[in-house]
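**Student:** One structure coming up, written as structure tokens, with questions to follow.
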Amino acid sequence: MFAPMTRRPPYVSTVLATALVLALIGTYGLLLLQGRELVRELRESTQVVVELRPESDAVGRRALESFLNGRDFVKAESLTYVSKEDGAKRLQDEFGEEFMDFELDNPLFDLYTFNVAEAYVDADRIRAFRTEIEDQSAVMASYVQEDMVNTLTQRIGSVAWIGLGVGALLLLGVVFMITNTARLALLAKAGLIKNMELVGASWGFISRPFLARAAWFGVLGGLVAVGLTGGVAAFAKTYLPAAWQYVPWWQYASLAAVLVATGMVINLLATFVVVRQTLRLRDDDLAML
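The numbering of the sequence shown is the numbering used here, which starts it at 366 and goes up by one.
Structure below.
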């Protein structure tokens, strides 16, 4: 039989390595959450202007307001009515008293404005609901900057693909780092693993304690990573408040759960593979370790 190796397995290093690479993933996840909120705000800044017919009365206006309030494409609490008198006053305030100082009737129209709900910020969907709006009897025309919407959609799509690529590279880095850390930890136990096999222990029996320890180290590393990621979030919120966006608590909780689960699963898989590789070692290979 082989004498068990006396090297102490680098358990602390295993947990720290797992925690650091998962903290990197966690920080990337924070950036994604913050970017998601920024993108949502940017998309929902798309505004639609609905001009009313000059002959529309209060009944027609209220019917249109009720119609718009009941549609999903209108962002909640964004619908605003602007009378032509209020519109003229706003122009005067912005451009000066002389801007509307002429002997003519007010050339403006009563109108409604609203911001588009994020799910509808798409050129095809905007055209569809504009048609629905313009079919209303009180509406003369509706306006939206479709070129801006198309450009925004294209750029967000490009950034999303870049983010996906970066995330895939980070995940590969996590797998590589944790696998190599698990390999180093198990090399210290290679002799013991082989001795257990030689006395008739099954591969499942040999693997079980190593897998249990790997799962625990993965969870522990994930919890440390959650703490580190929380520190990054607290720093950003304190020192970069202008760039910090409100994110629901459940999204942070989901990110924490993903970090812990990722640490546990990757450690389990890496340890499983390394234990199997150790069991397949020939006697000559094991003697060289």
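Just so it is clear, CB atoms sit at the ideal spot from N, CA and C, and this is done for glycine as well.
Taking the Cβ atom as the reference point for each residue, do residue 516 and residue 477 lie within a distance shorter than 8 Å?
**Tutor:** Their beta carbons are not under 8 Å apart, which means residue 516 does not touch residue 477 by this criterion.
**Student:** From this set, 392, 598 and 554, which residue's C-alpha is nearest residue 641's C-alpha?
**Tutor:** Per the Cα distances, 554.
**Student:** Quick check on residue 486: does DSSP put it in helix, strand or coil?
**Tutor:** It is coil, neither helix nor strand.
**Student:** Looking at the structure shown, is residue 479 part of a helix, part of a strand, or coil, going by DSSP?
**Tutor:** Here residue 479 sits in strand by DSSP.
**Student:** Would you say the region 621-640 touches the region 418-434, given that touching needs at least three Cβ pairs under 8 Å?
**Tutor:** The region 621-640 is not in contact with the region 418-434.
**Student:** Go through its chain and collect everything with a Cβ distance to residue 443's Cβ below 7 Å, but skip five positions before and after it.
**Tutor:** Excluding positions up to five away in sequence, the list reads 479 and 480.
**Student:** Going straight from the alpha carbon of residue 369 to that of residue 584, what length do you get?
**Tutor:** Residue placement at residue 369 cannot be trusted, given a pLDDT of 46 that sits under 50; the coordinates are not used to answer.
**Student:** Assuming residue 379 and residue 582 form a contact by the criterion Cβ under 8 Å, report the distance between their Cβ atoms to the nearest whole angstrom.
**Tutor:** Confirmed, Cβ separation roughly 5 Å.
**Student:** Reducing DSSP to helix, strand and coil, say where residue 580 ends up.
**Tutor:** If DSSP states are grouped into helix, strand and coil, residue 580 belongs with the helices.
**Student:** For the candidate residues 615, 573 and 540, whose alpha-carbon lies nearest to that of residue 390?
**Tutor:** Per the Cα distances, 540.
**Student:** Which residue's Cα is closest to the Cα of residue 484: 592, 510 and 438?
**Tutor:** Closest option to residue 484, Cα to Cα, is 438.
**Student:** Check the C-beta distance from residue 502 over to residue 414 and give it rounded, since I have them as a contact under 8 Å.
**Tutor:** Contact flag wrong, Cβ pair sits at about 18 Å.
**Student:** By the three-class DSSP mapping on this structure, what secondary structure does residue 508 have?
**Tutor:** Reduced to three states, the DSSP call for residue 508 is strand.
**Student:** For residue 602, count neighbouring Cβ atoms within 10 angstroms of its own Cβ and tell me buried if that reaches 16, exposed if not.
**Tutor:** It counts as exposed.
**Student:** Between which two residues does the alpha helix (DSSP H) carrying residue 411 extend?
**Tutor:** Segment: none, residue 411 is in no alpha helix (DSSP H) and carries neither H nor E.
**Student:** If you reduce the DSSP assignment to three classes, tell me which class residue 446 lands in.
**Tutor:** Residue 446 falls in the strand class under three-state DSSP.
**Student:** Looking at the unbroken alpha helix (DSSP H) that takes in residue 503, where does it start and where does it end?
**Tutor:** Looking at the DSSP string, residue 503 is not in any alpha helix (DSSP H), and its letter there is neither H nor E.
**Student:** Near residue 405, which residues of its chain fall below 6 Å by C-beta distance, leaving aside the five closest residues on each side in sequence?
**Tutor:** So the qualifying residues of the chain are 483.
**Student:** Kindly indicate the opening and closing residues of the alpha helix (DSSP H) around residue 430.
**Tutor:** Looking at the DSSP string, the run of the alpha helix (DSSP H) that includes residue 430 is 423-434.
**Student:** Do you know whose CA, among 440, 381, 532 and 393, lies nearest residue 407's CA?
**Tutor:** Residue 407 has its Cα closest to that of 440, out of 440, 381, 532 and 393.
**Student:** Could you give the distance in angstroms between the alpha-carbon of residue 431 and the alpha-carbon of residue 580?
**Tutor:** Computed Cα separation, rounded: 56 Å.
**Student:** Check each candidate in 377, 395 and 382 and name the one with the smallest Cα separation from residue 620.
**Tutor:** That would be 395, whose Cα lies nearest to the Cα of residue 620.
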